[in-house]
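Residue numbers (our numbering): -13 to 58. Below is one structure; the comments refer to it alone.
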Amino acid sequence: PVKQKKKQVKRCYLCGKKTGLATSYQCRCGDNFCATHRYAESHDCCFDYKTEGKKLLEQNNPVVTAPKLPKI
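In structure tokens, the structure reads:
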């Protein structure tokens, strides 16, 4: 008899609960989580959102400097 390969089931990284297609949340730290652990505060996320946000703002908003006016 030929053995069939089982599909890899996505599970919550923290509690091990099975997550389906609609209930699976992938965090920026790279792990999958269920609905109760999807927020960064609930699973002690190691991703640094603050520095990532600062980098994004610096890229999208360049420094604008106007030429100085001559003194009278």
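A virtual CB, placed ideally from N, CA and C, is assigned to each residue, including glycine. Being a predicted model, the structure only gives us computed values, none of them experimental.
Proximal residues to Leu0 (C-beta, below 6 angstroms), its chain only, five neighbours per side dropped: Its chain contains His23 and His29 as the residues whose beta carbon lies nearer than 6 angstroms to that of Leu0, once the 5 sequence neighbours on both sides are disregarded; these appear in chain order.
Sheet register partners of Arg(-3) (DSSP bridge): Looking at the DSSP output, Arg(-3) shares a beta bridge with Lys4.
Within 9 angstroms, strictly: CB atoms of Lys4 and Lys(-7): No; because the gap between Cβ atoms is not below 9 angstroms, this pair is not in contact.
Collapsed DSSP secondary structure at Tyr11 in the structure displayed: Tyr11: strand per DSSP, three-state reduction.
Outcome for Phe19 when other beta-carbon atoms lying within 10 angstroms are tallied against a minimum of 16: A residue is called buried when at least 16 other Cβ atoms come within 10 angstroms of its Cβ; Phe19 meets this threshold and is buried.
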